[in-house]
Every structure is written in C-alpha cells, then in structure tokens.
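Q:
Number of protein chains: 2
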Amino acid sequence: MNDEPIGTTSSRPAGTPRRATITDVAREAGTGKTSISRYLNGEISVLSPELRARIEAAIARLDYQPNQMARGLKRGRNRLIGMLVADLTNPYSVEVLQGVEAACHALGLMPLICHAANEVEMERRFLQLLTTYRVEGVIVNALGVREETLRPVGGGGIPAVLVDRQVEGLVADMVGLDNGAAAELGTHHLIEQGFEHIWFVVQPFEQVSSRQLRVQAFDRAMHAHDGSGGHTRGHTLVLNLADAADVERSLAELDRALDAVSGGARDELDGSGNAVALGTGAGTTARVALFAANAPVALCLALHLKARYGAHWQTRVALLSIDDPDWAELAGITTIRQPTYEIGYRAVEFLHERIEGAKTNARDCLLTGELIVRASTSR
Amino acid sequence: MNDEPIGTTSSRPAGTPRRATITDVAREAGTGKTSISRYLNGEISVLSPELRARIEAAIARLDYQPNQMARGLKRGRNRLIGMLVADLTNPYSVEVLQGVEAACHALGLMPLICHAANEVEMERRFLQLLTTYRVEGVIVNALGVREETLRPVGGGGIPAVLVDRQVEGLVADMVGLDNGAAAELGTHHLIEQGFEHIWFVVQPFEQVSSRQLRVQAFDRAMHAHDGSGGHTRGHTLVLNLADAADVERSLAELDRALDAVSGGARDELDGSGNAVALGTGAGTTARVALFAANAPVALCLALHLKARYGAHWQTRVALLSIDDPDWAELAGITTIRQPTYEIGYRAVEFLHERIEGAKTNARDCLLTGELIVRASTSR
DNA sequence: CTGTTAGCGCATTCAT
DNA sequence: ATGAATGCGCTAACAG
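First to last, the protein sequences are chains A and B. Under this note's numbering, the residues of the first sequence are numbered 1 to 379, in order. Under this note's numbering, the residues of the second sequence are numbered 1001 to 1379, in order.
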C-alpha cells in the first residue's frame, strides 16, 4: 500500500519573490528581531513609542506578514483544527460547517476543512494528513467505519469531537441530533395524521450510530402504538444509495408493497391549486407515508415516486424526512429540521475545551429537532 | 479596525503528550537525523537494508509522523493551496470543490478550503490568513469586489486563478462557464418553445462578471430575435437575494407584470398525472417563462410562485435556470448544467502550472454548459 | 553509504 | 526598554 502522505514536497517554488521575514523587518527598522516579535505579539506597552513607530513603518514598507508555519513550529501550537466532513454534498454538512466556522472565528481557530466524499480511504488519508500538520484537534463527521482508522485521534491522540455519529470503540465527545426523540416525533405525527402504513426508509445503518438510533426509535414507537391497539402498520426499508443496482431493487420492492396496500388511484385533484390540497385527494388523507431517515434518502424517494406516479405523486404517498433541505419547502414535504448551526458551534466549543486541557469524561450533547409540517402529511 | 490575524496564538496546548520528532527516531534507531530524513523522502536506495530496517522499526515503535510545518518551513514550500469559496450554500460551489479536490489529490496538493459566506470582510481575512500560512497559490471564487481586497494575490503576489468570475483590475487565469453561449442557449430554447414573454432574473450584476455576461447575452439574443421579426418579448429583473425587503419588492413587481401579460387562468390539468403534462395546460404551452441566472435565484422564484399560485404554479409559468441543482429534476424545471467538476479540476491545473513557474499571459478557460430540457419548458 | 553542520522564520529566556 | 543567543523539527549541503 502506498502510504505516501499527500503533503510530500520537493524543492522550492519557481519565480515567487521571497517574502519579507522578521529579520528583514528588523534590519529595515534598525533594531533586533526581538522587538519585532514583541510588536507582533501585542507587547506594545513595552516598546518606546519611537521604536514602535519605526517598526510599523518598516512592516508597512516591506508588506511584512509573519509566517504562521514558523510561529506554530516555535510555539508548539498553531490554532489549526481539522474538520473532517463525510459528505459535503449533503446540505446537513454545509449547515453544520457554518456553525463550525462561526465558532472558530469567535475562538481564534482556523478550521482545515477536509472532504472525505464518502470514501473511507480519503478519510484515512485526511486524518493522517491533519495529524502531520499538527492540528490541535479534529471535528469528525465520520463515515461509518470502525475505530481503527480513527486511531490517531481521540484517546491518546489529539482531541476529537464527533458530529452526528458515534464511532464504535472510540471514546470522545459527541454532539448531534437527539435521534430517538426526532424519529419518535415524526412517527407520532404520521400516526396522528391517520396514515395506515408507514415505511421508514434508511441507508445501511450497521455502521452509522445515528441511523441505528433512528430506526430503533421508529420501531419502538410503532411497537408502542401496536400495544395500545393502534391500527397503523410500520415497515422498514434499507436503501443503499451508494449502490445503484441495490437502490433499484429496493425501490422495486417498495413499489410492490405500495401497490399491495394502496387502495384505488388517487389522481383527482381539487381545482383550487392550493398547496394544502397537494397531499390529499378530495379531502381524504393519503393512506401511506414514507419516513426518510435523512435528506438524501428523501430526495431519492421523491425522484422515484415522481418517475413512477408522475408529477402528482404526492397525492398517492406522503413524505416526511429528517433534515430540512431547501427543496423541502418547494416540494411541500414535512420535515424534522436539525439544529445544524448549533451542532457545529457546540462541537467547536467542546473541542476548544479539550484543547485547553479539559479532562472530564466524554460528553454527549443531544440537540432536539423541530417538526415542520407541510402539505405532504397534513390534511 | 482590528486586523488581528485569525491564527494568532499564545502558549502551548495542555496535556497533549508531545509527539515523537525526527531526533527521537534517530536516537531510537541509533543513527543520525539525516538518514531518517532520507528515508522519509524516499531516498531509500541509498540506505543499507539493515539501517533501513532499523529506521522502519523505530518509526513504527514511536508512531512517528513527520511535522509538515517544519518541513514546509525548511523547504520553502508546503504544497498548500487556498480555495476561497464565496458561498458553500450554493451547490455550484460544492461541485466545483469536488473537481478541485480530485485535482489536488492527483497533483499532491492540499487545499485549504475557506468559506467567505458572502461576507466581504471574511474574504479579506481569509486571503490574509492564507498568505500568512504561505500557501503556494489560491483559487478564488470571489465575491463581487474590487481588486483591492485581492491585493495580496495575483500579479506580484502569490499565483491565483479565478473561478466563475473575473475581478476588475486583477490579471489572473480564469476558468468558468461560457456565460455568453449558455445564456444564449437558454434564450433560444425558450424562444423556440414559443414563449411570448421571457423574464431574465438575476442578482445584482454590477460587481459580478459572470452575471453581467449572462444578462448581456440574454439582451443580445432578444435583440437579434426582435430584429428578425420575432414576437417573443424579453425583460430583465434584478433580485437582490441578500436583501429580503428588496426581494419582496422585486417579486411584487414581477407579479404585476405577470398578471398584466398572463391570459386567463391555467389551472386545468389533464388527468394522466404524467410529468410531461406539468408545464402545459391542456396541450398548450405556457406563455411566459422565467429565466433564472443561477440556482439560488431559481429557488427563490420557484418558492414565490408556489406560494402565489399554489402547487400547480408550473402551469402558469415556465422556469429555466442556469445551474442544475438536485431539486431541478424533482421540480421538473429546465436547466443549463455547468461542467462544475471540470471547472474545479482545470482551475487547479492552471494554478499548478503557475506554481511551477509558468509565465504565460493570463488565460481564460471557458467551458460550455449543457441544456437539460424538462417538463417546465417543453410541450 | 552515513553522520555533522547550518539554517528556514520565529518566540523566548536571559542579559544588558 | 532592548538585543543576542538558543532551539522548535526538519532538510540540504558538505564531509567522511
């Protein structure tokens, strides 16, 4: 296996006109490097106004910018943290990122954003790389992998905080959605709306703790409902978005199931053109609902349903999704919005505490989602 | 103004168990640092198999990872490049990013991703920061600002390549969509489809070259059409997405205009439920089309139209957009897809050439968009 | 083949 | 109040 780190270099770049160094500034200002360093670090009260002026002038004249690499090397810390994102294509990630950036800005940290693009190998490389750049900590939205590849972080390694998912065998702070509550919230909503069948659709969840928790909560909620004599039936479908063939198979299975339980066609529309009318056929609630475990799944389902039932697919089946992507409002599907910004923000705060030496036990921060009811599931 | 760079640090982090250095490895292997360095840099053929084995053992035992900061400091280059993104919320950016990442991976570069979040001040800070980290080059998807804030890059500074937009007064390579051809392509499509009115809707374009080019091409195409006796009328609407009040005002204006030209209501639907039926009322083509200059505009328009006309808004007005976000297929709107991945990839290639010392004149790389016709604009 | 030496740019004792 | 010296971790001559 070629483990050559990404950052391996050779000689120096061509043509770039070397930047001014602290030595240049010292010479230009007719003083020693120490004073320049003091000035840079804000110890200005210790400098005579006269010297200070000369330094400022020299810096301006040379357009001097201190070299962070060198500073970091000397001080032993560089204020860099790694932000490892599993999939930037998922709006969830971008939203979390915004919280991360805001918090970093507030705390004087600089996040190195790494995008694993759903590739385990990439994840491994980036972790490696972040380590070699001596980041002070990492925020990891891990792929669903075993602790092994996370070896360098957490525990004995550099501080880490997990986002959205736990990693088996890795003790570290985690912040994410309260998945149990969220799945339950959605399930209850669908039950209350009188759906007769609910399909919980989720990507393979063996590896991903958040997905596991969502399925489990759904099952639990359905069982409780069963126990109390409810008449709504729950089902689970696994959709492996990474495998087109498998997706096709699963969707075909879903189609058959839908055909089996679906009463007559529901193509009639009221003429009002009103959005509220979308999820309903002539005033009656659609009888089957799909509960997508996250936005990518929801999109896949919506696209399939549209292809199968045409533009009016929403009259045949309702759709509810955890995550609230921007197209949800347009499509009129019900969602459970995650407090993404706060998730990112808190993650950085946790990490910062660890970096500063906090020795408390690993903490979990579970934030609650918000149900946003739209036409798809409401009468 | 507080110009304190983000990366300013103070003392060293707490509790972190210092990592092994090259010196440690040398001692552990009972040899000098040079041999370790040689080993790290792949000059293995020069080492006796015996020494080499000892080194490998020592490295493994200490879990040694070379410090990139130090390497960079010594060599004068660190293989870091900056990727400054104006708005990660825009799917376009994420897609370009994927091309950038792939190219970086292929060329042994490490992109530092910086997200300006549409804030000019952020852009300035990040540029500053990237400079202090001595990145070897930057790829800039600039906000629509004057060259001033880009001062440190391009020309005399570090190599830069622009993505999507040109920056006034800044000579640098650029790669992006062939905006003229794209806007023309869309316009001709709409004309051919027999729309009587076309509104080109765009964000404020004075500052952003790509938007400018799109409007101009639209105008040009409409004028040509006028000249040849066509009967389609073109209009332009500016939508300032950054200002909610202004958006509301502009949309109200659009509403009035639509009411004025729109014939009777078009709420009837054929019963087929087929997607193709969406953009058409009883076999006739809708008479007015909106041409969104990019995806954010398209989304804003779609949401507004849905709110105003209800779920069946597409029967009243057609929508075409430059950019092809994932919801476009679901909504059934026609789009012009940009070769985003390639844009990112080429940008890195250009930058790499510059870093390696290419002295050619600034180049423009214009890639062509692909029209994807969907129900919204087709009969 | 291998080790010694001298910095890269900067922050930090420690003198003055 | 200021400067000289030392070394962060590493690479690149330059000797052996």
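Beta carbons: idealized from backbone N, C-alpha and C, even for Gly. Values in this document were obtained by computation on a predicted structure and should not be read as measured data.
Quick one, which residues of the stretch 1192 to 1205 of chain B are near chain A if we go by CB-CB under 9 angstroms, in chain order?
A: Within the stretch 1192 to 1205 of chain B, no residue qualifies.
Q: Tell me which residues of the stretch 111 to 125 of chain A have at least one Cβ-Cβ distance to chain B shorter than 9 angstroms, keeping chain order.
A: Cβ contacts with chain B come from P111, L112, I113, C114, H115, A117, M122, R125.
Q: Tell me the residue span of the beta strand (DSSP E) that contains A318 (chain A).
A: Looking up residue 318 (chain A) in the first sequence gives position 318. Note, A318 (chain A): beta strand (DSSP E), 318 to 322.
Q: Report the neighbours of V94 (chain A) on chain B: residues whose CB is nearer than 8 angstroms to its CB, in chain order.
A: On the first sequence, residue 94 (chain A) is found 94 positions in, with the first residue counted as 1. Per Cβ cutoff of 8 angstroms: L1088, T1089, V1094.
Q: Nearest to R1233 (chain B) by alpha carbon, out of B:W1199, B:A1242, B:E1248, B:L1301?
A: For the purposes of this step, residue 1233 (chain B) is identified with residue 233 of the second sequence, where counting begins at 1. Considering only alpha carbons, the answer is B:W1199.
Q: Spatial neighbours of R1124 (chain B) within its chain, please: CB distance less than 6 angstroms, with the 5 preceding and 5 following residues excluded, ordered by chain position.
A: Here residue 1124 (chain B) refers to the residue found at position 124 of the second sequence. Correct list, in chain order: T1149.
Q: Using 8 angstroms as the threshold, is the C-beta distance between L1241 (chain B) and L1254 (chain B) below it?
A: Along the second sequence, one-based indexing puts residue 1241 (chain B) at 241. Along the second sequence, one-based indexing puts residue 1254 (chain B) at 254. Cβ atoms of L1241 (chain B) and L1254 (chain B): not closer than 8 angstroms.
Q: Checking the sheet assignment: what are the DSSP bridge partners for Q46 (chain A)?
A: The sequence position of residue 46 (chain A) within the first sequence is 46, counting from 1. Before going further, note that residue 46 (chain A) is Val rather than Gln in the sequence given. In DSSP, V46 (chain A) forms no bridge with anything.
Q: Count the C-beta pairs between the stretch 208 to 218 of chain A and the stretch 180 to 190 of chain A that are closer than 8 angstroms, then say yes if the count reaches three, no if not.
A: Contact between the stretch 208 to 218 of chain A and the stretch 180 to 190 of chain A is present, because at least three Cβ pairs lie under 8 angstroms.
Q: Should N361 (chain A) be labelled buried (16 or more other beta-carbon atoms within 10 Å of its own) or exposed?
A: Locating residue 361 (chain A) in the first sequence gives position 361, where the first residue counts as 1. Exposed.
Q: Quick one: what does DSSP say A1265 (chain B) is sitting in, helix, strand or coil?
A: In the second sequence, the residue the question calls residue 1265 (chain B) occupies position 265. With a pLDDT of 44 at A1265 (chain B), under the threshold of 50, the modelled position of this residue cannot be trusted; read the value that follows with caution. In the structure shown, A1265 (chain B) sits in coil (DSSP, three-state: anything other than H, G, I, E or B).
Q: Taking only the alpha-carbon atoms, compute the straight-line gap between E136 (chain A) and L129 (chain A) and give it to the nearest angstrom.
A: Walking along the first sequence from the start, residue 136 (chain A) turns up at place 136. Walking along the first sequence from the start, residue 129 (chain A) turns up at place 129. For E136 (chain A) and L129 (chain A), the distance between alpha carbons rounds to 13 angstroms.
Q: Tell me whether L269 (chain A) is buried or exposed, calling it buried when 16 or more other Cβ atoms sit within 10 Å of its Cβ.
A: Within the first sequence, the letter at position 269 stands for residue 269 (chain A). Annotation note: pLDDT 39 at L269 (chain A) (below 50); position unreliable, no value reported.
Q: Give the DSSP bridge partners of I355 (chain A), in chain order.
A: Counting from one through the first sequence, the residue named residue 355 (chain A) turns up at place 355. Per DSSP, none; premise fails for I355 (chain A).
Q: Can you give me the start and stop residues for the alpha helix (DSSP H) that E136 (chain A) sits inside?
A: For the purposes of this step, residue 136 (chain A) is identified with residue 136 of the first sequence, where counting begins at 1. No alpha helix (DSSP H) holds E136 (chain A); DSSP gives it neither H nor E.
Q: For L1047 (chain B), which option in B:R1061, B:A1060, B:G1032 has the closest C-alpha, if you only look at C-alpha atoms?
A: As a working note, residue 1047 (chain B) is residue 47 in the second sequence. Nearest C-alpha to L1047 (chain B): B:G1032.
Q: Could one say the Cβ of Y1345 (chain B) lies closer than 8 angstroms to chain A's Cβ atoms, at least one of them?
A: Position 345 of the second sequence holds residue 1345 (chain B). Y1345 (chain B) does not count as touching chain A.
Q: At a CB distance below 9 angstroms, what residues from the stretch 170 to 188 of chain A approach chain B? Give them in sequence order.
A: So the list is empty, because no residue satisfies the distance condition.
Q: Kindly indicate the opening and closing residues of the alpha helix (DSSP H) around E148 (chain A).
A: The count along the first sequence starts at 1 and reaches residue 148 (chain A) at position 148. Neither: E148 (chain A) is in no alpha helix (DSSP H) and is coded neither H nor E.
Q: Run through chain B and tell me which residues come within less than 8 angstroms of G29 (chain A), C-beta to C-beta.
A: Taking the first sequence and counting its residues from 1, the one referred to as residue 29 (chain A) is at position 29. Checking the sequence, you will find Ala at residue 29 (chain A) rather than Gly. Here the premise fails: no neighbours, minimum Cβ distance about 19 angstroms.
Q: Within the 8 angstroms Cβ cut-off, does T1360 (chain B) reach chain A?
A: For the purposes of this step, residue 1360 (chain B) is taken as residue 360 along the second sequence, with counting starting at 1. For T1360 (chain B), the answer is no, since every Cβ of chain A falls outside 8 angstroms of its Cβ.
Q: With DSSP run on the structure shown, which of helix, strand or coil describes V373 (chain A)?
A: The residue labelled residue 373 (chain A) in the question sits at position 373 within the first sequence. Looking at V373 (chain A) - three-state DSSP - the assignment turns out to be coil, as it is neither helix nor strand.
Q: What in chain B is Cβ-close to R134 (chain A), meaning under 8 angstroms?
A: Taking the first residue of the first sequence as 1, we reach residue 134 (chain A) at position 134. Ordered by position in chain B, the residues that pass the 8 angstroms Cβ test against R134 (chain A) are R1019, N1067, Q1068, M1069.
Q: Within 10 angstroms of its Cβ, does S1210 (chain B) collect 16 or more other Cβ (buried), or is it exposed?
A: Your numbering for residue 1210 (chain B) matches position 210 in the second sequence. Buried, by the Cβ-count rule.
Q: Do we get a CB-CB distance below 8 angstroms when we pair E1101 (chain B) with the residues of chain A?
A: Position 101 of the second sequence, counted from the first residue, corresponds to residue 1101 (chain B). Chain A, which has a Cβ nearer than 8 angstroms to the Cβ of E1101 (chain B), makes this yes.
Q: Spell out whether any CB of chain A is found under 8 angstroms from the CB atom of T1377 (chain B).
A: Position 377 of the second sequence, counted from the start, is the residue given in the question as residue 1377 (chain B). No - not a single Cβ of chain A is within 8 angstroms of the one on T1377 (chain B).
Q: Per the contact definition of three or more C-beta pairs closer than 8 angstroms, is the stretch 336 to 355 of chain A in contact with the stretch 158 to 176 of chain A?
A: These segments touch.
Q: If you reduce the DSSP assignment to three classes, tell me which class F126 (chain A) lands in.
A: For the purposes of this step, residue 126 (chain A) is taken as the residue at position 126 of the first sequence. Helix at F126 (chain A).
Q: If contacts are defined as beta-carbon pairs under 8 angstroms, then S321 (chain A) and A328 (chain A) qualify, I think. What distance do you get, rounded to the angstrom?
A: Walking along the first sequence from the start, residue 321 (chain A) turns up at place 321. Walking along the first sequence from the start, residue 328 (chain A) turns up at place 328. Contact flag correct, Cβ pair sits at about 7 angstroms.
Q: When DSSP labels each residue in this structure, what does I22 (chain A) get in the three-state scheme?
A: As a working mapping, residue 22 (chain A) is identified with position 22 in the first sequence. Three-state DSSP puts I22 (chain A) in a helix.
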